[in-house]
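Here is the structure we will look at, set down as structure tokens.
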Amino acid sequence: MVLAIGLAYVYSSSPETIITDTWRFDWVNLGKSINLSLGFYLDPISVMMLCVITIISTLVHIYSVGYMHDDESPGRFFPLLSFFVFSMIGLVAATNLVQMFIFWELVGVSSYLLIGFWYHKPSAVAASKKAFIITRFADAFFLFGIILLGLHCGAYEFADLLLPETIKTLKESEATFAGYDVLALGTLCVFIGGWGKSAMIPLHVWLPDAMEGPTPVSSIIHSATMVVAGIFLTARMFPMFAEAPSTMYVVEITGAATALFAAVIACTQMDIKRILAFSTLSQLGYMMFSLGVANMDHSLGYSASMFHVFTHAFFKCLLFLSAGLIIHMVHSNDIGHMGGLRKKAKWTYWVTLIACLAIAGVPGLSGFFSKDEILIAAWEGGHHCSFIIGAGVGFLTAFYMFRYFMLIFHGEFRGDAHHLEHAHESKWMVLPMVVLTVPSIFAGYLMKGQFLGYVLPPGVSAGEHDAPGWIPMMAIAASILGIGLAVLMYRKSPDLAAEPKGLRKLIYNKFYIDELYLFVTHKIIFKCVAAPMKWIDDYVVDGAMNVQERLSQSLASVVRAIQSGLAHIYVGVFLIGFIVLIIFGGLFF
Amino acid sequence: MAFLLNCTWILPALVAVLLMFVPKDNKPAIRMLSLIGAIVNLGIIAVLTIVFVNDPPALGDNPAATVLAFETKAMWFDKLNIYFHTGVDGFSLLMMLMASIIGLCGILVSWNIEDRCKEFFILLAALLSGTFGCFISFDLFTFFLFNELTLIPTYMLIGIFGSGKKEWAAMKLNLMLFGGSALIILGMAGMYIGSADAMKDRGFDLIAMAANGSIPVEIQMWAFPALFLGFAVLSSVFPFHTWSPAGHAAAPTAISMFLAGVHMKLGGYGCLRVGMYTMPEGAHACMDIFLVFATISVVYGAFIAIRHRDLKFINAYSSISHVGLVVFGFATFSALAIRGAIMQMVSHGFVTAVVFALIGSIYGRTHTRNVDEMGGLMKQIPFLSVAFVLAGFAVVGMPGTSSFVAELTIFVGSFQNPGADGGMNPDPLVLTCAVLCVLTIVTTAVYVLRTVNRVVNGPLTKDYDFGDANKIEKSAIIILLFCIFAMGIFPGWIANLVDGSLGPIMESLNRGAR
Amino acid sequence: MTAAVYPELLLFGWIVVVLFMDLFTAEDKRDGLVLTSTALFMFFLSIFTIFMPAGSIHNYVVRDWSIPLRVLFSASAFFSLLLARPAFKHGAGRERMQEGGVFVMLLLISTLGMFILSASNELITFFLGLEMATLPLYALSTWHRDKTGSEAGIKYLLIGALSTALLLFGCSFIYGATGSLHFTDIGMRLSSAMDTGLIHLGTLFILAALAFKLSAAPFHMWAPDVYAGAPTSITAFIASGSKVAGVLALLLLFYGPLAKLEQDNGLDQAFMLLAAVSMIVGNLGALKQTHFNRFMAYSSIAQVGFLFMALSGVFGSLAVATVVFYLVVYVFSNYLAFFVMHTLADKRSETLASLRGLSQQSPLLALAMMIAMFSLAGLPPFGGFIGKIPLFFAAAENDHYFLIFFGAVNAVVALYYYMIVVKEAYINKPEGELSDITISATQRWAILLLVILVITLGVCSQPHEWVFNFFSN
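Protein chains in written order, with the numbering used here: chain A, 96 to 684; chain B, 1179 to 1692; chain C, 17 to 489.
In structure tokens, the structure reads:
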């Protein structure tokens, strides 16, 4: 694909040590001293992201050739996909906050267009709107944060912004905005931007719905790349965030809460892509709280988070691609209509198994290494609560992934056999999946050293490591337990038709958060804010303008009434007018 | 060169006169003549811009005096000290460039007007003439004259060629605009009397008034609000915006484009050039109120746009919201925000023009403007639909479009406002308003996406039998979209053009703050 | 004998000529001949008057600043005669008018009265001139011998008599207080006079009388009926020539001997009252009119309001000059409107509805009507703009900002009804078949001339400068 060139370029520059600031393009100046430019800012994490993006996008492009084979408008799909990759590359390579925001928004646009790619499906259209608006909501805060930080630091360039001196000055200046500390408020607002993009709760609602898009889109955007933009942003701004403990606290809480919450929901969902979506959410939560537990002196969380971003991208992409293939085969998204597919889809069976094992954190596969580091980071940082959640989520992850796996591939086929007759595994689709198994398995071994070594931003030290040996053991135990439980429960085709009840129903309906949103937007904002405003506009503001007209019309009638045509009235008016004139004429004042 | 500049308003007037002699059945000739006129005009302005950018006028001795390029100054009405004083700085040149492009596209989208075609193009040419005259006038009286000159064609164009409640809307629009003019007259009267103090004689020379700070403060205190309010009516600031939805809804496509794209900007132009530039003390004293009203416009327009179902109403309220942002930018007194506001004027000009052009084209096919009755047009008319989506992104302010640059600049600038102590602690009122404006980008996204989704996406609601845009429509839309994206991707030179002319205005405003 | 009085002498001579023409020509050709020749004469007289210098014979003083007004008198008469021609030929929508000789003579006598008024330098001549200008109009307004015609005449006469009485009263008070009829003496003794109250009272009496002539509210009640009842030519003459005479009378007193009195704070309140009431009554009255002449009556009431707005307070040179210039514009715009309507009234009624479909039928007439209306409304690039806007500046000179605001708001209302006329011509669809429009050569040329004049006044600075030069010292 087109991106092969980009790939080569990125690889060639990846061994560089810290920062390469290559190509610049003066864009527009904001104020006398601040000249904004577009360019590339390459440091380990952006290079890592570039690798992930280009590898995955290339594979997904290949996969799409097979997937979109029957679609009527591939001519629209591939440009949009490439546009997305362009935006994403611009985002991770941004040299300054504004450039990042620009590409951040472009990523939003392309995501909107891709989710709503099947524009004739109302659900897809609604999902695209939802995704765009919710991320836009977060972006408003992001913009606000950018402005605030830029105003007080006098710079938007990361190179200037993240200098220890700048941060120190900002911290010591005790500048306030509306009574809040600028550093805390600014970083928090920037983080809210990432919050929305990375779909942390409660802004997560768009991500499951975004699965309405074509599956290659889900695999590239909503698992591997775009959703980690928020993580990337937080990591990029890490030196500044680390100086704002309150923001870091928020980062940790949000991440942990999302990890747990999404994992719980994932255990009950029936839609193949939604399960993966909630799994993504949960994993994003991992990455986020991992960042939250790091600080300037103990940055293991930071490295671990980046490591997890890296490994997760591969196996999650793989999972999505395999899910896409399965959907292609059975023409349904509901795992209730699947089962027993291991015979029909051999390749898929094996790659999915590998990916599931990887995400479940089974030792030897990539997911284990990165998750392990996260848990160690949480423990070492003294964040025991997060640690417990992390371990628990590890168990849940293993459980729901194998629930997923068992329901799809084992047991009896429960769907419409008619579709299955013609189903086959397209070569275009299998190839990228197979390729992706390689990093899913080996990424952990290969990259571990590098990640823990030089991925750190300037001014951050890795700190000491003395991880207790029982942590990996515990993690392994949790995942084995989860897998075992799931296999046990779903070994045979269970009865899936029953309506979920009680607590399960609550979880199945995602804690009714979507309904809450609908209530807030439709009932409160539309009905109670916008509608009254329109009423005021129609009847009060415009009414006031129209009243003037009516007033003058009725006064005109009065004038006409006096003009009766009777001469004595004319004389009378004349005389009265005369008297008034004399009185007003100043004679008596 | 000075003559060439005056040609920008003489030429359309000449076209209008020439058109009167073309037989009214010779429609191709009428159209071609107007089109050629508009193209030549655009060419003239482009040439002037190139000359200006390559050789900008040097700064004068007085930092608050705008140095004009291509200046003409001739005594006109001697006894009242009315000069015919025209010239341009970067700001007005930019506005003219925008106006001429929108005018050209307006002619293109009106290509199919059959009924009373001749009158339409005569009036359109007259409208263009008045607009250009306004942008190049540096004598308040001639400025006002040209401004009023635009009223007659607007009224006639809406009244004759409009749709729906056109007569009522045309009347309402004109009366409200003339009401604004009444306030401008009041302010002008005060300025005229007040200008005697420092200038040798009374007069209307904007630059002289600003350069010497010649209008007494006590006159400014009431003349400024009157004048500014008058122009604010023109730029449809809450609560004087009601002419705009009614007018846009009734107006023919080209006039909606021109009204929202150029005419409303005339208000913003006047606010800055006439109001704030010449009466900085008054501006500083009264701006809080205008700031609040501008912010209300921004928020209010966006929320009401959510509720409307008629495409033209939606865009009209969207325009109110976006033009409110212009006044908001002015009201912060930050050089950067004012620059952003100017860019927003240009940007919104293009954006709203293309949206209205698209609405016109879509309406010409579906014969409805109600979004609930549309759907799935992407399948039927892909070109228009894709353009609609792109235009929608431009309204939302996506990066790559001009509105992103403009809005970003306004927002960044509004936080850099000088504030009470001139230091790092900006005025809390400005900040509150700024935060509200920043948050409105979400509301904007809501109404734009609702609209786009309903019109373009979803299943086809019925079987339509119309085709996609024809070549002429396409060219108009492509020109406008090109401008939007060109400005969004390469905003640098526009920013420089504006900055060059903002110096004197900021100088005057800063003097007013002291 | 100074050349300044030549116009009066010529006019007087022509009245005698008309008398003989009326006697010695055949009846069927009489009206046409008298009207045409007099119109030609008046045309040359207007041109001639422009070039006559100022000068005086004893107490008969032709002031230089009255020259533009004198031009306006003769121009008004000229256009009125042109307007009257079709009415004598075939009635122009109403009953055919007869006895053109007498008609012309009365019109000329009224014009002569205005000339005499313009040269008066003491109260007797002042009174004489004013009455001579008004009295023939009472008779002329009844020229159509139908019900509305005679009703118009009676009402005009009735209220006219009242105002004459007030005028005389006022003059006598002033004479009583200052002991002189001469303007110069009155001016000089004003400051030393003991009884300023009496002068003040007298002034208000005169003001009321002049307000009647100017049809300023609340002394306007006669205007709509008279405008509707009188022949259109006379309506136009009352609306322009007579109004100019009223303003001239006002200027003669308040720009001349009573100028000092103006500085008392009292009188500008009276002016402001007249201004405000006239504007609002005129504007509101015009809103719902359907009859064109009644509409023009209210429009002219409102226009007077604007004049009073400029004149309230000290009569600065700006105020007087702008008022005079505005009168020039106003007269021509007014005649333009009347011409268009009168041309239409040939086959239709003089209502606004008969304008419908005009833009399609006769673009020239529609355009002319639009120009007239927009000029009256004060929109560029017509004379009304450069005429009306400085009226606001003149008021600003006296710091009457509230009045300016009020006036500006009223200008909006005024625009509304002027636009209704334009709407009728351009936008409203006609009901049923349209009758043909016949435009005679005279009408065509007169309309063209007026259009050119109205635009020239708005665009070229020379006429403006010419008027202002008379007031520059």
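Think of the CB as a built atom: it goes at the ideal place given N, C-alpha and C, for glycine as much as any other residue.
Since this is a predicted model, take the numbers as computed values, not measurements.
If you compare alpha carbons, which of B:Gly1308, B:Ser1563, B:Tyr1455 is closest to Thr1320 (chain B)?
Checked all of B:Gly1308, B:Ser1563, B:Tyr1455; the closest Cα to Thr1320 (chain B) is B:Gly1308.
Is the separation between the beta-carbon of Phe1582 (chain B) and that of Gly1666 (chain B) shorter than 9 Å?
yes
Selection from A:Phe508, A:Gly249, A:Leu611 that minimises the alpha carbon distance to Gly435 (chain A)
A:Phe508
Candidates B:Met1684, B:Gly1578, B:Val1634, B:Asn1674: which alpha carbon is nearest Gln194 (chain A)'s?
Comparing Cα-Cα distances from Gln194 (chain A) to each of B:Met1684, B:Gly1578, B:Val1634, B:Asn1674, the minimum goes to B:Gly1578.
Any beta carbon from chain B within less than 9 Å of Ile443 (chain C)'s own beta carbon?
yes
Exposure of Thr532 (chain A), with buried meaning 16 or more beta-carbon neighbours within 10 Å:
Here Thr532 (chain A) is buried, its C-beta having at least 16 other C-beta atoms within 10 Å.
Going along the chain, which residues of its own chain have a beta-carbon closer than 6 Å to the beta-carbon of Ala14 (chain C), five neighbours each way excluded?
The question about residue 14 (chain C) has no answer here: the residues shown for chain C are numbered 17 through 489.
Using C-beta distances below 7 Å, list every residue in its chain close to Leu470 (chain A), excluding the 5 sequence neighbours before and after it, in chain order.
Its chain contains Phe482, Gly485, Ala486, Ile566, Ala570 as the residues whose beta carbon lies nearer than 7 Å to that of Leu470 (chain A), once the 5 sequence neighbours on both sides are disregarded; these appear in chain order.
Entirely enclosed alpha helix (DSSP H) segments - the stretch 473-522 of chain A, minimum 4 residues:
479-504, 512-517
Determine the burial state of Asn1548 (chain B): buried for a count of at least 16 other Cβ atoms within 10 Å of its Cβ, exposed for fewer.
exposed
Between the stretch 217-233 of chain A and chain D, which residues of the former have a C-beta closer than 7 Å to a C-beta of the latter?
Chain labels in this structure do not include chain D; the protein chains are A, B and C.
So with Cβ pairs under 9 Å, would you call Ala651 (chain A) a contact of chain C?
Yes, Ala651 (chain A) lies at the interface with chain C (some Cβ there is under 9 Å from its Cβ).
Where does Leu395 (chain C) sit, in a helix, a strand or coil, going by DSSP?
coil
Look at the alpha carbon of Asn1219 (chain B) and the alpha carbon of Asn1204 (chain B), and state the distance between them as a whole number of angstroms.
23 Å
Taking the alpha carbon of Gly489 (chain A) as the reference point, which residue from A:Phe415, A:Phe405, A:Leu379 has its own alpha carbon closest?
A:Leu379
Using a Cβ distance threshold of 8 Å, determine whether the stretch 285-303 of chain C contacts the stretch 371-387 of chain C, with at least three qualifying pairs required.
no
Whole-angstrom C-beta distance between Ala662 (chain A) and Lys45 (chain C), which should lie under 8 Å
Rounded, the Cβ-Cβ distance is 40 Å, inconsistent with contact.
I need the DSSP call for Ile1338 (chain B), collapsed to helix, strand or coil.
helix
Beta strand (DSSP E) containing Ser1278 (chain B): first to last residue?
In this chain, Ser1278 (chain B) is not harboured by any beta strand (DSSP E); it is covered by the alpha helix (DSSP H) spanning 1268-1287.
Closer than 7 Å at the beta carbon, the chain A residues around Asp241 (chain C)
Gly660
Minimum Cβ-Cβ distance from Val642 (chain A) to chain C less than 9 Å
no
Out of B:Val1529, B:Cys1185, B:Phe1491, B:Met1366, state which residue places its alpha-carbon closest to the alpha-carbon of Ala1654 (chain B).
B:Val1529
Beta-carbon within less than 6 Å of Gly218 (chain C)'s beta-carbon, same chain only, minus the 5 sequence neighbours each way: which residues are those?
Gly186, Phe189, Ile190
Would you please verify whether the beta carbon of Gly1681 (chain B) is less than 9 Å from any beta carbon of chain A?
For Gly1681 (chain B), the answer is no, since every Cβ of chain A falls outside 9 Å of its Cβ.
Considering only C-alpha positions, which residue in the set C:Asp47, C:Ser136, C:Leu303 is nearest to Val437 (chain C)?
Of the listed residues, the one whose Cα sits closest to Val437 (chain C) is C:Leu303.
Chain-ordered neighbours of Lys1257 (chain B) on chain C, where CB pairs are closer than 8 Å:
Ala337, His480, Glu481, Phe484, Asn485, Ser488
Are any of the Cβ atoms in chain C nearer than 9 Å to that of Arg655 (chain A)?
yes
What are the residues that DSSP puts in a beta bridge with Ser1315 (chain B)?
Bridge partners of Ser1315 (chain B): B:Thr1264.
Between Leu1182 (chain B) and chain A, is there a C-beta pair that is closer than 9 Å?
Output row for Leu1182 (chain B): interface = no.
Can you name the residues that DSSP bridges to Tyr76 (chain C)?
C:Ile73
Distance between beta carbons of Ile197 (chain A) and Phe236 (chain A), contact taken as under 8 Å:
That pair is no contact at about 16 Å.
Using a Cβ-Cβ distance under 9 Å, would Thr264 (chain A) count as near chain B?
no
Best match in A:Pro627, A:Val654, A:Gly431, A:Gly308 for proximity to Leu175 (chain A) [C-alpha to C-alpha]:
A:Gly308
What are the start and end residues of each continuous alpha helix (DSSP H) run of 4 or more residues lying completely inside the stretch 1413-1482 of chain B, in chain order?
Runs found: 1421-1428, 1431-1436, 1442-1448.
Is it the case that the stretch 1270-1283 of chain B contacts the stretch 1209-1224 of chain B, given that we only count it when at least three CB pairs across the two stretches are under 8 Å?
yes
Keeping to the same chain, check which residues put their C-beta closer than 6 Å to that of Phe1416 (chain B); ignore five residues upstream and five downstream.
Phe1471, Ile1474, Ser1475, Tyr1478
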